[in-house]
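Numbering (the working numbering), first residue to last: 141 to 328.
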């Protein structure tokens, strides 16, 4: 096995720190399984629904009709996920305040109760919004591809192989994740 190479480009703090946790999680839902440019277009359309206040607040999203959100380009599943997140936050079933003080597992358990939000989405929130340093998204294809390239493997490693391989990078697994994405993108 090769050592982790050094790459430029690890983010120096989150550029999204001004976003509320609701905004960040909503953005993650919008960006799930889409290319960056397509997701960005849909995200801008959702933001434009409330131009006076930036991204819509939970109560606003909860009140939007499904067709209004579908008109932005969101799939039915993403509309359900956004509205479920909004209702849970607005109604108090999901309390986002204080997340910066909670353990990763506690945040994952709470947020994955929202329809359409899985572990990967919460891991991206932990990594990019909360700036957690020890997050390794085992199921992330970019991470798997980066490890495949780093270790010169014929096939991408399984999530269990990623876990085993990445144990040496803890407590800085987030840095390794970022580097694996750089490798997967060909930035070597």
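Glycine included, each C-beta is placed from N, C-alpha and C at the ideal position. Predicted model, so just to flag it, every value in this text is computed and none were measured.
Check this for me: beta carbons of residue i and residue j, under 8 Å apart or not?
i           : j           : result
residue 222 : residue 229 : no
residue 302 : residue 284 : yes
residue 280 : residue 260 : yes
residue 161 : residue 269 : yes
residue 226 : residue 245 : no
residue 195 : residue 166 : yes
residue 189 : residue 208 : yes
Could you check how far apart the C-beta atoms of residue i and residue j are, in whole angstroms? I think they sit under 8 Å.
i           : j           : result
residue 271 : residue 323 : With a Cβ gap of about 22 Å, residue 271 and residue 323 do not count as contacting.
residue 168 : residue 239 : Their Cβ separation, rounded to whole angstroms, is 14 Å, which puts residue 168 and residue 239 out of contact at 8 Å.
residue 274 : residue 313 : 5 Å
residue 213 : residue 187 : No, residue 213 and residue 187 are not in contact; Cβ-Cβ is about 12 Å, not under 8 Å.
residue 297 : residue 288 : 7 Å
residue 224 : residue 255 : 4 Å
In chain order, what residues of the same chain lie with their CB nearer than 6 Å to the CB of residue i, ignoring the 5 residues before and after it?
i           : result
residue 251 : 257 and 262
residue 307 : none
residue 253 : none
residue 267 : 275 and 314
residue 278 : 299, 302 and 303
Whose C-beta lies closer than 8 Å to the C-beta of residue i among residues of the same chain, with five residues either side of it excluded?
i           : result
residue 210 : 216 and 219
residue 199 : 226 and 230
residue 311 : 273 and 274
residue 181 : 213
residue 159 : 167, 195 and 269
Identify, in the order they occur along the chain, each residue of the same chain with its Cβ nearer than 7 Å to the Cβ of residue i, setting aside the five sequence neighbours on each side.
i           : result
residue 282 : 320, 321 and 324
* Cβ contact (3+ pairs, closer than 8 Å) linking the segment 211 to 220 and the segment 158 to 177 -> yes
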